[in-house]
Amino acid sequence: MENKLLINKMKNAAELAWAAYGYYDLVANDTNLLFIKLKNEKENNEANSDEISLKKKLILPTLWIAHLQIMKCINHNYHQS
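Mapping the sequence shown onto the working numbering, position 39 (from 1) lands on 68, and the numbers just tick up by one.
Given below as structure tokens:
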């Protein structure tokens with residue numbers, strides 16, 4: 030039984046890593062509507078805008094939401110087994 034728990038923990042960690050990468054890839058892609066909207070706002074306020082702060086505005090909240098959704102799924106799956 031201990032091996033099954035270890036395998037499930039490893040599977041959950043792998044799924045978390047893949048999901049985080051997937052959300053990062055989605056944010057970094059120009060086809061994402063939110064990215065395009067913020068990019069256009071940046072171009073309008075180009076005089077005082079900082080590219081690093083734009084990336085932080087996009088990446089950090091999206092990764093946090095992805096993390097919360099994944100943890101919710103992991104907890105739900107853990108309580109079902």
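For every residue, glycine included, the Cβ atom is placed at its ideal position computed from N, Cα and C.
Keep in mind the model is a prediction, meaning the values are calculated, not measured.
Simplified DSSP assignment, three categories, for residue i
{"i": "N37", "result": "helix"}
Other residues of its chain near residue i: CB distance less than 6 Å, five sequence neighbours each side excluded
{"i": "L45", "result": "I99"}
{"i": "N41", "result": "I103"}
{"i": "K38", "result": "none"}
Same chain, Cβ closer than 7 Å to residue i, neighbours up to 5 away in sequence not counted
{"i": "K101", "result": "none"}
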